[in-house]
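A short worksheet on the structure shown next.
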Amino acid sequence: MSYRLKRGIQGIVLFAVGLVLWLPCVQLFFPIQLSAYVHPSKIAKTTESIASYQLGLWKGKQERSKETTKMRKHNQEWDFMARTFFVWALANMALRQPESKRAYLQVMDQIIQDTLEKEKKHTFHYFSMSYSRSRPFVLQPARSQFLDGEIAMMLAMRRLVEEKPSYKKPLKERVREMVRRMKKSPVLSAESYPDESWTFCNTVALAAIRMADYLDGSDHSDFFKQWVRMAKKKLVHPKTGLLVSTYEFNGKHLYGPEGSTIWMTTHNLMLIDLKFAKEQYQLAKKELARNVLGFGFAGEWPDSWRGQADVDSGPVIPFVDVSAGSSGLAFVAAKAFRDNTYLRSLLKTLNFAAFPYQKGGKLRFMASNQVGDAVMLYALVQGPIWRKVMQGRKKLARSEVQR
Amino acid sequence: MREEHMTLQEQEALEAVASELEEQTPKQHRSLLSKYWRLWLGILAVSAYLLLDVSGVRAYTTILSGTAPTDVGSQAVASTFGIVYTLLYFFVVVIVPPLLFTEAGLFVLDRKKV
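Chains as they are written, first to last, in our numbering: chain R, 1 to 403; chain Z, 1 to 114.
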């Protein structure tokens with residue numbers, strides 16, 4: 001055997017041994033102290049840095065405009081969702097840190113006002129992808145459940161932190177309109193795009209309606225039960241048991257279960273039917289959660305149903321099946337269901353592969369974008385608002401029993 | 001040329017000696033660059049990564065979330081930088097340490113032989 005060949009084989013063997021020894025050690029260089037990100041009642045230190053960056057964006061117009069331009073080039077929805085998730089995060093932060101409530105409410109109102117003005121001036125199409133104009137909506141006049149649900153939730157969360165009388169009527173009207181339109185569909189779901197209803201948007205709407213019930217004393221509990229019964233019967237993917245992500249107005253499935261939808265759906269369902277929400281979370285974890293060498297992430301599709309990569313899922317990295325959209329929203333569900341093991345592994349991946357950049361007490365993730373960071377922030381601070389609404393239901397139930 | 005006048009037997013004998021020499025000792029004449037190419041590759045990758053990081057290319061990795069990497073200028077150039085930065089980062093974190101391990105292992109084997 002020639003020296004060169006011998007040395008080549010030795011090199012390959014040594015490299016393989018090195019790789020086997022090194023790969024399990026990589027995670028040790030990205031240690032995660034969960035308490036730096038989540039706190040039972042306050043805002044954890046690292047999470048506060050993420051919030052500082054987001055708050056900075058809404059204080060300075062120039063940088064926000066730069067970030068918004070970058071996002072809108074690919075997806076106008078992201079401009080909208082960066083607003084909604086941040087407002088939802090601020091609402092939770094205001095309950096966690098009452099001494100900063102004034103400042104947070106001010107930013108929340110600024111975002112809500114700006115969003116409502118833009119919606120009024122340019123219609124819902126401004127925050128929708130271009131195919132919202134591709135053909136007529138089934139229900140006329142056209143409205144987007146995507147905007148209605150998330151705006152209603154912004155208004156409701158704002159009022160849950162502190163009542164604002166001028167938001168009472170807009171919330172009531174939006175809730176009434178959402179319920180009216182949902183009831184017109186055989187699957188109790190309104191469209192976000194022409195003849196396209198999303199589980200994500202309709203469950204956000206349900207959660208917002210639940211909050212409005214808490215705030216204004218209305219009662220849609222029969223409607224919620226009806227929706228869950230219908231969903232179990234008509235919106236479940238037979239092979240996985242997970243809720244599908246998209247369907248036509250009449251209920252015909254368009255896309256099967258998707259990570260970028262199901263994680264948020266499970267979170268929303270907590271306010272509607274906790275048992276069903278938990279079941280869906282367990283199934284989603286079984287089908288979509290992945291862990292490679294200590295790094296957690298989420299795939300976009302289960303093995304039994306493969307969809308096409310779209311702008312919601314973000315780029316899906318082949319072979320390992322990492323989806324940015326699904327992994328980001330997996331944080332929301334993992335935190336909501338107190339799945340600390342999965343949350344820790346997701347945070348590890350975030351630090352390993354999302355290129356964190358901290359400067360002047362502000363933290364952002366370079367591989368993400370404004371909406372991704374807002375989702376992350378919401379995931380880490382959520383809890384108080386959901387708890388308030390859920391406890392409210394218990395209190396209400398107790399008083400009914402007493403009566 | 002002398003070799004042109006070599007007989008076939010002479011040529012075979014010469015090749016055998018050359019091969020034997022090659023097997024017995026590491027090539028002393030080989031330059032350091034080619035001998036320790038794994039080490040140099042590691043150094044090059046780390047240097048290139050640090051250079052891109054200092055230049056602010058990290059911001060272009062937003063391409064991984066499907067976002068336009070820049071609000072002005074060429075998207076294609078910025079995207080390419082973002083992808084190169086990402087690949088270099090993973091190369092440095094995942095591949096370079098086993099490469100250095102290989103180099104160290106080969107060095108030890110060579111020393112033992114000597």
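Think of the CB as a built atom: it goes at the ideal place given N, C-alpha and C, for glycine as much as any other residue.
Check: Is there contact here, the region 361-370 of chain R with the region 47-55 of chain R, by at least three beta-carbon pairs under 8 angstroms?
Finding: With three or more CB-CB distances shorter than 8 angstroms, the region 361-370 of chain R counts as touching the region 47-55 of chain R.
Next item on the list: Taking R/Phe365 as part of the alpha helix (DSSP H), name the residues at either end of that continuous run.
Entry: DSSP places R/Phe365 outside any alpha helix (DSSP H); the residue lies instead in the beta strand (DSSP E), whose first and last residues are 362-365.
Checklist line | R/Gln370 - containing alpha helix (DSSP H), residue span | finding: Element bounds for R/Gln370: 370-381.
Item checked: Whole runs of the beta strand (DSSP E) within the region 290-322 of chain R, excluding any shorter than 3 residues -> Restricting attention to beta strand (DSSP E) runs no shorter than 3 residues, the region 290-322 of chain R encloses them at 295-298, ordered along the chain.
Note to self: Considering just the uninterrupted stretch of the beta strand (DSSP E) at R/Tyr357, what are its terminal residues?
What the structure shows: Counting along the chain, the beta strand (DSSP E) containing R/Tyr357 begins and ends at 356-359.
Checklist line | Nearest-angstrom beta carbon gap, R/Leu139 and R/Lys184 [assumed within contact, 8 angstroms] | finding: R/Lys184 to R/Leu139, Cβ: 6 angstroms. Contact.
Note to self: Against chain R, with Cβ distances strictly below 8 angstroms, would Z/Leu14 count as a contact?
What the structure shows: Chain R, which has no Cβ nearer than 8 angstroms to the Cβ of Z/Leu14, makes this no.
Margin query: For a test of the three-state rule: what should DSSP assign to R/His253, helix, strand or coil?
Written below: Strand, per DSSP.
Item checked: Reference R/Ala334, options R/Thr84, R/Gly294, R/Lys285, closest by Cα -> Among R/Thr84, R/Gly294, R/Lys285, the Cα nearest to that of R/Ala334 is on R/Lys285.
Notebook entry, point to check: Buried or exposed: R/Gln76, going by 16 or more other Cβ atoms within 10 Å of its Cβ?
Noted result: Classification for R/Gln76: buried.
Check: Z/Ala125 touches chain R at which residues, Cβ-Cβ below 7 angstroms?
Finding: Since the displayed chain Z opens at 1 and closes at 114, residue 125 of chain Z lies outside it and no answer follows.
Note to self: Can you confirm whether Z/Thr76, when its beta carbon is compared against all beta carbons of chain R, has any partner nearer than 8 angstroms?
What the structure shows: For clarity, residue 76 of chain Z is Ala in the given sequence; the question names Thr instead. No, because no Cβ of chain R sits closer than 8 angstroms to the Cβ of Z/Ala76.
Next item on the list: Find the residues of chain R that neighbour Z/Val93, judging by a C-beta separation of less than 7 angstroms, and give them in chain order.
Entry: Going along chain R in sequence order, the residues near Z/Val93 (Cβ under 7 angstroms) are Val26.
Checklist line | the region 200-210 of chain R contacting the region 132-151 of chain R, beta-carbon criterion three pairs below 8 angstroms | finding: With the cut-off at 8 angstroms, the region 200-210 of chain R and the region 132-151 of chain R touch.
Item checked: Identity of the residues DSSP links to R/Thr246 by a beta bridge -> For R/Thr246, which the question treats as bridged, DSSP gives the partners R/Trp198, R/Tyr255.
Check: When we look at the beta-carbon of Z/Val77 and count the other beta-carbons within 10 Å, is it buried (16 or more) or exposed?
Finding: Counting Cβ neighbours within 10 Å, Z/Val77 comes out exposed, since fewer than 16 surround it.
Note to self: Can you tell me whether R/Tyr193 is helix, strand or coil according to DSSP?
What the structure shows: Correct three-state label for R/Tyr193: strand.
Notebook entry, point to check: Thinking C-alpha only, which one of R/Glu248, R/Glu258, R/Asn250 is nearest R/Thr242?
Noted result: Here residue 242 of chain R is Leu; the residue named in the question, Thr, does not match the sequence. The shortest C-alpha separation from R/Leu242 is found at R/Glu258.
Next item on the list: Locate the alpha helix (DSSP H) running through R/Leu271, then write down its first and last residues.
Entry: Segment: none, R/Leu271 is in no alpha helix (DSSP H) and carries neither H nor E.
Checklist line | Other residues of its chain near Z/Tyr89: CB distance less than 8 angstroms, five sequence neighbours each side excluded | finding: Tyr49.
Notebook entry, point to check: What is the C-beta distance between R/Phe127 and R/Phe80, in whole angstroms, given that I count them as a contact (C-beta under 8 angstroms)?
Noted result: About 4 angstroms separates the CB atoms of R/Phe127 and R/Phe80; that is less than 8 angstroms, so the two are in contact.
Next item on the list: Measure the C-alpha to C-alpha separation of R/Val381 and R/Trp22 and round it to an integer number of angstroms.
Entry: Distance between the alpha carbons of R/Val381 and R/Trp22: 35 angstroms.
Checklist line | For R/Glu173, the first and last residue of its enclosing alpha helix (DSSP H) | finding: That run of the alpha helix (DSSP H) goes 168-184.
Note to self: Strictly below 9 angstroms CB to CB, what residues from chain R border Z/Phe101?
What the structure shows: What Z/Phe101 touches in chain R, judged by beta-carbon distance under 9 angstroms, is Leu14, Phe15, Val17, Gly18, Leu19, Leu21, Trp22, going in chain order.
Check: Counting pairs of beta carbons, one from the region 93-105 of chain Z and one from the region 94-110 of chain R, are three or more of them closer than 8 angstroms?
Finding: Counting C-beta pairs closer than 8 angstroms gives fewer than three between the region 93-105 of chain Z and the region 94-110 of chain R, which falls short of the contact rule.
Margin query: Assuming R/Pro194 and R/Arg135 are in contact, meaning their beta carbons sit under 8 angstroms apart, how far apart are those beta carbons, in whole angstroms?
Written below: Confirmed, about 5 angstroms.
Note to self: Measuring only the C-alpha atoms, how far is R/Ala190 from R/Thr240?
What the structure shows: Looking at the two C-alpha atoms, the distance is approximately 24 angstroms.
Item checked: Partners in chain Z for R/Gln10, counting only beta-carbon separations shorter than 7 angstroms -> Chain order gives the chain Z residues near R/Gln10 as Leu106, Leu109, where near means a beta carbon separation below 7 angstroms.
Notebook entry, point to check: Which same chain residues, not among the five before or five after R/Met129, have their C-beta less than 8 angstroms away from its C-beta?
Noted result: In chain order, Asn75, Gln76, Glu77, Tyr193, Val311 place their CB closer than 8 angstroms to the CB of R/Met129, counting only its own chain and leaving out the 5 sequence neighbours on each side.
Check: So, does the CB of R/Pro315 fall closer than 8 angstroms to a CB anywhere in chain Z?
Finding: Closer than 8 angstroms to some Cβ of chain Z, the Cβ of R/Pro315 qualifies, so yes.
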